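In our numbering, the protein residues as written are 215 to 287. Glycine included, every Cβ here is placed at the ideal spot set by N, Cα and C. These numbers come from a predicted model, not from an experiment.
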């Protein structure tokens, strides 16, 4: 992500909060996904920079990060 001009520290901050079991603030628009992504969640690191993840048996599982177009085409 560094080559894309994104601030990796923003991503790491969100991952740290999730790993600690903390709730994300509303600004991250964290929500469960539907359809083929059921069981996963996404949150917005920035407006069009998302993190796809799940929490399974108290374990944080990170899947992908990218734009809406990259993740959901």
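Enumerated in chain order, which unbroken segments of the alpha helix (DSSP H) with a length of 4 residues or greater are wholly contained in the segment 221-278?
-> 222-233
Same chain only: Cβ atoms within 8 Å of residue 229, ignoring 5 sequence neighbours per side = Along the chain shown, one-based indexing puts residue 229 at 15. Closer than 8 Å at Cβ, skipping near neighbours: 265, 274, 276.
Report the residue from 223, 251, 236 whose alpha carbon sits nearest the alpha carbon of residue 267.
-> On the chain shown, position 53 is the one that residue 267 refers to. Here the closest residue by C-alpha is 251.
Quick one: what's got a C-beta closer than 8 Å to residue 254's C-beta in the same chain, skipping five residues either side?
-> Here residue 254 is taken as the residue at index 40 of the chain shown, counted from 1. Closer than 8 Å at Cβ, skipping near neighbours: 246, 247, 266, 267, 268, 277.
From 272, 249, 238, residue whose alpha carbon lies closest to that of residue 258 | On the chain shown, residue 258 is found 44 positions in, with the first residue counted as 1. Looking at the Cα atoms, 238 is the closest of the given residues.
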